[in-house]
Every structure is written in C-alpha cells, then in structure tokens.
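So the sequence lines, in the order shown, correspond to chains A and B.
So for the first sequence, our numbering puts the first residue at 171; every next one is plus one.
So for the second sequence, our numbering puts the first residue at 693; every next one is plus one.
Idealized CB from N, CA, C, for every residue including glycine.
Please read these numbers as outputs of a predicted model, since none were measured by experiment.
Here is the structure we will look at.
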Amino acid sequence: MFMQSENIPLFPEQASTFAWQVDYLFFYITAICLFFGLGVVLVVLAFAYKYKEQKKFASPRNIHGSLVLEFTWTAIPFVLAMSIFVLGTIVFHNLYSMPQDATEIFVVGKQWMWKFQHGTGQREINELHVPVGRKIKLTMTTEDVIHDVYIPAFRTKADVVPGRFTYLWFEATKPGKYRLFCAEYCGLNHSGMGGWVYVMEQKDFDSWLSGTDADKTPVQAGEDLFNNKLGCASCHAGGDTQRGAKLEGIFGKEVKLVGGNTAQRDEQYLRNSILNPGGQVVEGYQPIMPTFKGQVTEEQLVSLVAYIRSLSPDAASAPSTGSGNGTGTETESEDKAGDDQGDK
Amino acid sequence: MDNVETNNGGQQEQELNYLNNGHSVRSWLLTRDHKRIALLYVLSVSFFFLVGGIYAGLLRVELLTPQSDLFEAATYNRIFTAHGVIMIFLFLIPAIPATLGNFFVPLLIGAKDLAFPRINLLSWYLYMGGAGLAVWALMQGGVDTGWTFYAPYSTTFSNSYVVMTGLGAFVVGFSSILTGLNFIVTIHTMRAPGMTWFRLPLMIWSHYATSLIMILGTPVVAITIVLLALERIARVGIFDPSIGGDPILFQHLFWFYSHPAVYVMILPAMGVMSELVANFSRKRVFGYEFVAFSSIAIAVIGFLVWGHHLFVSGQSFYAGMVFSILTMIVAVPSAVKVFNWTATLYQGSLSFDTPMIYAYGFLGLFLVGGLTGLFLGTAGMDIHLSDTYFIVSHFHFVMVGGTVMGYLGGIHYWWSKMTGRHYSEFWGKISAMLVFIGFNLTFFPQFILGYLGMPRRYASYPEEFQVLNIFSTLGASVLGVGYGLPVIYLTYSFFFGKKADDNPWKLPGLEWRTSSPPPTENFKETPIVTWEAYDFSEDNGIEIERTPETEVQPSS
C-alpha cells in the first residue's frame, strides 16, 4: 500500500519555459508569507510567554492604539502585496499573450476524452506529442460541458468552454512524458479524463509524425466541408456574382457591420458567423444566410475556421493583428502558421 | 428539550430565566426569544456539521487509495457535492451569525431582543425548510454538480436533483437575508442608552459588516438559482451555449455572491476573535477603530473581487488584472486585524483558558489560510494552482480553520452565559489542541498535493499522490476526534455541569452584567453605558483584583 519513500514527489517537474517563472513567483510569495507568518507566530509566542497572567482577573494598563503603527502595518503589507501583484501580472501576461510564431494544435474536449489534431492532420486521443523547444499554441473548444487542459509540469492550464474558442500556449523544455489532467469538474468520469503529453526531440517528433497515417489536415477537411458537405461555396464562392460575403483575404481585418458597428474578423467572429449569421451582417449584404447551428460539429467548425483562415494567407492567427495585405490566393497547403518552423 | 424540563423542574426557588421560562415543545418551537431561537440554530447547524463531517470522512477514506474502490465515481461525485452544499449553505454561512450572533447581538448592545422577533423565528423555519429540501434531494439520490453548480453541466448534462438542491439553497438564502436585516435594524435602533457606535464590542461591528453582505449579496445567488432552474426545466437559453446562453455568465453571477459569502463566514469569526483576544488579555483591543473599520472595508471590497475565481475561465487579460489587484487590496484589512490582535496581547494578562486556546488556534490557521490566499489572488500563480488541492486546502484553512475555530471558541467563551453551567476545562483544552493539530495534519499535505498538480474533485488519482493523501486522511481522523469531543462534554455540561457564576471571568461586557442564563428580557433593567468597550479599569463596576504595581489608566 505504501510506496517507497524515495518516490514521494514533493515538488513538480519543470518542463516548460513557464515553469521557472511560476516557481520563482511561488518562492517569492512564500518568502513574504514566511516573513509575516513566522513573524506573527513568534511575536504571539513571545507575548504569550512574557505576559502570561500572574494573577487572576488583573487589570493591565490599557493601550488605545498607535497611529504610527497602524500606518506602518497597513503600508508595508500593501506595498508587498503590490509587488506580488506586479510580478504575478507579468507572469500572467506571458501565459496569456499568444505568440505569433507558434505551431497550432486544435483541441476538442468532450465527456470524457481529449481530441487533438495537428496541423498536418494527425489526430490523437488523450495523448499529445509535441516537439521540444518549439512554441505550441492550443486552440480549444468542447462539444459539451466546460473542461480544462492542465499540464502541471508546464505550470499552465486553461478552461475549455463550450460555444467559444480558448487558447493556451507553451514551449516545452525537456523531453519526457508529462501528465495531462482535466481540471474543471465535468461529471461522472472527470478524474478519468486525462492522459499524457509526450515531449520529443525534433527528429523523434518528425519520425513520429511521418510514422502515423496522415489524415486530412484541418484546412483540407474544411475545404471539403466548404465545397461539398455543407455547400458554403454556393454563396461564398464564385467571384463577383456571389451572394454571400467575400471570404478571401479578410481574416484578421476589421469589417463594418450593418448598424454601424465594426468587428474584428478573428476565429470567434467566424464561428459566430456560422452559428448565428444574423447577429453580425456585413455592410452591403442581406441577412439571408441560414444558421448552421446543430448541423456542424465542433470539429467541423474548427476545420471550417482553419480553411477560411487559409484564404487569407498573410494574416497571422492572433486576433489582434490586422497586418495582412489580403491577396486572396487559395493556396491551402502553405499557409499554416507553424509551417515556417520547418517541420515538413 | 424535555430533558431540560426534568432537570430544572421542581426547583421552585430557582430564578426564572430563558431556559426554564416555559418547558413545552410549543414554547420552544413558537418562541420569539432570540436566545431560544439561537439554541434551535445551535442544534440544527451542529447537526448539519455532523452530517457534512460524515461525508468528509467518507471522502477521506476513499482517497486512501488511488483507485476508486470504496465508491464508484458517480457516488464519489455525489458525496463531495453533498459535503460542500451542506457545509457551506447549512453550516458555515449560518454557523456564527445565527447562533452566537442571534444570542449575543442583543445582549452585547443592551437590547431586550432583536428588532423583529417573529421574523427571527421565521428565518429559522426558512432555514429548516431549505435544509429539508436539500436533505430530500439527498435522499432521492443527491446531486453531482459540485456545490458550485457550474453551467452547462448543471443545466443540461447532470442527471441528478439539481433543481431541488438549488431550491433548498434558495430558501435558506432568505433565512440569511432576514437574519441580516434583523441585525442591521437592531444595531441601528436598539442600542442601550450610552452605547455609542464606538463603544460597541467589535463582535457587533463584524456582524454589521456581515449583515450588509447577507442583504446585498444573497439576492444575487437567489436570482442565479432561479435562472439555472429556468434553463434546466424550461430550456430558456441563459447559460448553455447550445441554446444561446453563456456559461461564463453563470460563473460571474455565482461568484458575485459566493465570494462575499466567504466573508459572511469569516467576518463573524473575526468578531468572536476580537472578543476573545480582548477579554482574555483583559485589555481593550489595540486600534479599536481600525479593527472596526477593517470589517466594513472587507465587506465592501469583498464585493469587487469575485473575478479571481475566473482567471483561467477565458476572462480577458485586463479583467484578470483588475480582479487580481483588488484581491491584493482586500488582503490588507485582514492583515491589519491580525496585527492589532497581536498588539493587543502586548502587556496584557493572558489567560490560557479553552476559549483563548481556540483564539491562538484561530490566529495560526487563519494566518496560513489568509497568506495562501496571496498565491491564489496572483493571476500568474493561480493559473497553476486553480482547481487543484492547493485551493481546497486554502479555503479549508480560512473557512474551517477560521470559522470553526471562531465558532467553537465563541461557544466555549459564552457557554456559561448560555447555559449557566461550566464545561470541563480539561477536555476543552484537549479538544482545542486536537483540532489544531489534526487540522494542520489534514490540510498541509494538500498544499503540497496542489502544487504537484493534483486536481480537486477526483474520484481516482495517479499513484504518486497516494502517500500525501494517506497523511491527510490520518490527520482527518485526529480532527474528527477533536470535533467529536465537544459534542460529548458540552452535552454533559448542559445537563450535569457545575453551576456557573454570572461573570466567572470578571469581564466588563454587558452580557456579563446580567444573570447566567439571562432572563427572557435579558436585563432586569435597561443598562446605561458609560464606558468604552473592553474597559477593565477600576471605576467600571467590575470586581477586579489588582496587583499594587499594576498601573491603571481609566479610559474615557
């Protein structure tokens, strides 16, 4: 029943570029806590020893207070708390802002499994293979309830929320096998919804990639849906005579909507436009598109978004950059955000 | 209650007090006396503490091994949900305000009763009604959403008694609102002559702050439960994105109440703590005004920090930043309280009676609980820690280490006033120390587990976490003994304990100037207050034995 004592871990492995940042933050806050915690405990113990009652029901001298002390012990914790806040926010910012040059992997959670799809088409369930030393960005959604991707060795996690995309990125620093958990309670088999992240040297990763049967890439799958299965092309392709909005070269740019608002055309915008087209009609078009809610699965949505994004080859995947020059060429094989990293 | 009758009956010469003034069941169930209602609450919340504790014990036993062997995952999920729902809604939130607050708010300010005695009784019936609904849901098969009821799991996917449990919490919420309303009106309008705001014992300030949260926050969770039920029953799309809702909206609404609710649990315990520290140091609380206003500051700022529960939920970066800085700010008034309590000990005459042992224990556990909150309020740190055992341990340190230590400390402190009898000081100290040791043994390993990455609400877990879980379960059994002992010796004391004086510790508070147990009207004649709170000086009418060298400065 008991494991050997040398196998009791007391501190998690460090396997990403975040790990040391989060750990240093941890040590900094721990130091402050020890300073205050031990300080108060020692003072209380000293007082308890020194001022232990000598006589029952004594009446010691009354001390009302001291403005100087009150100010001091308000100001010092405040300043230290602010220092924690600033350091914590820097780390938070690093975790939160998605790099432009990351390799993208799509993640779909469902009760109770994780589905991953690489840009090259490989699909995995409850296992994720990534190369060491490369920035990886997970674009995530779920088919049912809220889940949460959590990789303790990377010190990062993010909720996966139905009805929207969430993102998480990391750069693994050490080849190995690391636990992947679902950290948001998702029902019956919540504790079984996990697996492993395999961090591999680039060459091992490459051979792993080629060793697996390549499925369609998300872009290819999206193209198939767009042209055939869902028939989007009947309105959204055809050049000058098409009825629906032009999709080439639009990704990442602002657009004017009917009613005067503008919208940033990012993944979320595309997703909303497919599921709830009437909600954001582009100026100059009629609200004639039917909703595709219930007709497309989350995985199909991911593919569709990937395909539509591929029509704007110069736009980066991050929503906030609008720098693409929008030449609408339809080259879907060379446009993935991660391809400039040279994994082909 | 019948036993009370046989015990006190036949002693004709005994003075009439609230306990022997009427012995029928009816005289208890239809009482309007705040003291009797407080005792009804003591019995009911203690019962639910026991039930919630049994659920906790089952969880700890299951977690001895990595596999889920004692219960299936489905049962485990229902057990942790039952543990959370019962402990939070039926024990921690009413624990101190409805029992010690109900009993002592009028006594501490020199009032005959609360402002609305009938509403006070109604709030107990609402509590029992809501508790009944929750228990009924449990008997039917329970609920498996976790006490947080996150949508869309709760509204669309869970196949359990979500609406019935929610309705229970909804009804109990009204009992909380009415109690808060009663306290605020009582404190405003029924203070004895001379009892100015800055002569109020700090217990009153903290209950005032608590009542503000109860009145302003509870309706929000009530509305949220109604919306949840609407979506679950009528499929109105509010939270579930498949019918047009937003699941993050639920989290905002839920935590808008449920974070301040943590302060509903801890503020009254801080009030008890101020009483204990002052009275067992026999000194005025150091920096009275700062301790008083820090309660109000916590109540107000506490309403603005709920988003720190959503750092990983897909909330925007700037929202995370704002909630992080506000969380850091709300830590400051709590720190100020701790420093002032510590300073109160300086040059005091410190006793080591049972209530004060609990106060020292509170200080130790609340320090750990409060300081570990700094980790979780730091957005960059919380990403790693949220939804792990680190947060589980943190909130147990605050809510159990803080609130239950305050509750038990207060029960022991005022026991002789409430019952007119003494408990066993020996067993009191033993159990206080067992609670402190057992608590640390249970929850310290969980901090390590959390940093290692063990997620909460896991029926089964990876093998490398087993040893620390075994330590935690061993600690929990010590803790269980520590919590069980008072039930035994306090019950014994209630019936057979040594009779207590009106003021066994020679303390200056108004509650100690009436008989033990107090008469139904609390005070034979309305007291007139001419002294500051915690005034132990000679001209304050308290018998004090003084060593000649002790310098006495009359305060005013």
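Just the C-alpha distance for residue i and residue j, rounded to the nearest angstrom, thanks.
i, j, result
"B/Lys1029", "B/Leu1160", "33 Å"
"A/Thr382", "A/Gln438", "Its pLDDT being 48, under 50, A/Thr382 is placed unreliably in this model, and the value from its coordinates should be taken loosely. Cα-Cα distance, rounded: 31 Å."
"B/Gly1098", "B/Ile958", "8 Å"
"A/Thr187", "A/Val302", "11 Å"
"A/Pro179", "A/Gly346", "17 Å"
"B/His1088", "B/Leu1057", "9 Å"
"B/Phe978", "A/Leu239", "10 Å"
"B/Tyr1226", "B/Arg976", "5 Å"
"A/Val213", "A/Cys203", "15 Å"
"A/Ala433", "A/Glu354", "31 Å"
"A/Leu427", "A/Arg334", "21 Å"
"A/Thr368", "B/Glu1156", "First, the amino acid is wrong: residue 368 of chain A is Tyr here, not Thr. Taking the straight line joining both Cα atoms gives about 19 Å."
"B/Tyr733", "A/Ile306", "56 Å"
"B/Ala1071", "A/Arg349", "23 Å"
"A/Ala189", "B/Gly1142", "15 Å"
"A/Gly252", "B/Ile1180", "Sequence check: residue 252 of chain A is Met here, not Gly. Their Cα atoms are separated by approximately 47 Å."
"A/Leu400", "A/Thr467", "12 Å"
"A/Ser480", "A/Gln191", "35 Å"
"A/His360", "B/Tyr845", "12 Å"
"A/Ile199", "A/Phe248", "14 Å"
"B/His726", "B/Leu735", "14 Å"
"B/Trp720", "B/Phe1187", "17 Å"
"A/Asp329", "B/Phe942", "14 Å"
"B/Val737", "B/Ala787", "6 Å"
"B/Ala1124", "A/Gly357", "38 Å"
"A/Pro489", "A/Leu440", "Only weak support exists for where A/Pro489 lies, its pLDDT of 43 falling under 50; the value from the coordinates is given anyway. Straight-line Cα distance between these residues: approximately 11 Å."
Find the residues of chain B that neighbour residue i, judging by a C-beta separation of less than 7 Å, and give them in chain order.
i, result
"A/Trp366", "The contacting residues do not exist; A/Trp366 stays about 11 Å from chain B at best."
"A/Ser361", "Ala765, Tyr1150, Ala1151, Ser1152 and Tyr1153"
"A/Pro460", "The premise fails here: A/Pro460 is roughly 16 Å from chain B at the closest Cβ pair, so nothing lies under 7 Å."
"A/Val192", "Gly1072, Met1073 and His1076"
"A/Ile199", "Leu1066, Phe1067, Thr1070 and Met1073"
Among all the DSSP beta bridges, which residues are the ones paired with residue i?
i, result
"B/Val918", "None; B/Val918 has no bridge partner."
"A/Gly365", "A/Leu350"
"A/Ile295", "A/Lys285"
"B/Ser950", "BP columns for B/Ser950 are empty, so no partner."
"B/Thr1134", "B/Thr1134 pairs with nothing; no bridge assigned."
"A/Leu358", "Answer is none; A/Leu358 lacks a bridge partner."
"A/His317", "A/Val330"
"A/Ile306", "A/Thr273 and A/Phe340"
So which residues of chain A does residue i contact, with C-beta pairs closer than 7 Å?
i, result
"B/Asn1031", "Here residue 1031 of chain B is Phe; the residue named in the question, Asn, does not match the sequence. The contacting residues are Trp243."
"B/Lys1198", "Phe227"
"B/Ala1071", "Gly258, Thr259 and Phe262"
"B/Asp1079", "Asp318, Ala353 and Glu354"
"B/Gln832", "Residues of chain A passing the Cβ test: none, with the nearest at roughly 18 Å."
Using a cut-off of 8 Å between C-beta atoms, extract the partners of residue i located in chain B.
i, result
"A/Lys307", "Residues of chain B passing the Cβ test: none, with the nearest at roughly 15 Å."
"A/Leu358", "Ala765, Ala766, Asn769 and Asp836"
"A/Pro182", "Tyr1143, Leu1144 and Gly1145"
What residues of chain A sit near residue i, judged by a beta carbon separation below 8 Å?
i, result
"B/Ser1164", "Here the premise fails: no neighbours, minimum Cβ distance about 13 Å."
"B/Ala1023", "Pro247 and Ala251"
"B/Met906", "Within 8 Å Cβ-Cβ: nothing; B/Met906 doesn't reach chain A, min ~27 Å."
"B/Met962", "Those do not exist, as B/Met962 stays about 15 Å from chain A at its closest Cβ, beyond 8 Å."
"B/Thr1034", "Val210, Val213, Val214 and Phe217"
Which chain A residues sit within Cβ distance under 9 Å of residue i?
i, result
"B/Met1249", "Since the first and last residues shown for chain B are 693 and 1248, residue 1249 of chain B lies out of range."
"B/Lys1190", "Here the premise fails: no neighbours, minimum Cβ distance about 17 Å."
"B/Arg976", "Asn232, Ile233, His234 and Gly235"
"B/His726", "Those within 9 Å of B/His726 in chain A number zero; the least Cβ separation is about 29 Å."
Any beta carbon from chain E within less than 8 Å of residue i's own beta carbon?
i, result
"B/Gln1138", "Absent from the structure is chain E; the protein chains it does hold are A and B."
Output, in sequence order along the chain, the residues in the region 252-275 of chain A whose CB is closer than 8 Å to any CB in chain B.
Met252, Ile254, Phe255, Leu257, Gly258, Thr259, Ile260, Val261, Phe262, His263, Asn264, Leu265, Tyr266 and Ser267
Give, in chain order, every unbroken run of the alpha helix (DSSP H) that is at least 4 residues long and sits entirely within the region 208-279 of chain A.
237-266
Give me the subset of the region 206-227 of chain A whose CB atoms are less than 8 Å from a CB atom of chain B, sorted by chain position.
Phe206, Gly207, Val210, Val211, Val213, Val214, Phe217, Ala218, Tyr221, Lys222, Glu223, Gln224, Lys225, Lys226 and Phe227
For the region 960-1042 of chain B, list the beta strand (DSSP E) runs that are entirely contained and at least 3 residues long, ordered along the chain.
none
Closer than 8 Å, Cβ to any Cβ of chain A: which residues of the region 805-821 of chain B, in chain order?
none
Quick check on the DSSP output: what are the complete alpha helix (DSSP H) runs of length 4 or more inside the region 1034-1096 of chain B, in order along the chain?
1046-1069, 1071-1077 and 1081-1088
Run through the region 800-831 of chain B for me and flag every whole beta strand (DSSP E) of 3 or more residues, listed as ranges in chain order.
none
Please identify, using Cβ separations under 8 Å, the residues of the region 324-337 of chain A that lie next to chain B, in order along the chain.
Taking 8 Å as the Cβ-Cβ cut-off against chain B, the residues of the region 324-337 of chain A that qualify are Arg325, Thr326, Lys327, Ala328, Asp329, Val331, Pro332, Gly333, Arg334 and Thr336.
Using a Cβ-Cβ cut-off of less than 8 Å, give me the residues of the region 991-1016 of chain B that come near chain A, in sequence order.
Cβ contacts with chain A: Phe1003, Val1004, Ser1005, Gly1006, Phe1009, Gly1012, Met1013 and Ser1016.
Could you give the uninterrupted runs of the beta strand (DSSP E) lying entirely in the region 392-460 of chain A, keeping only those of 3 residues or more?
424-426 and 432-434
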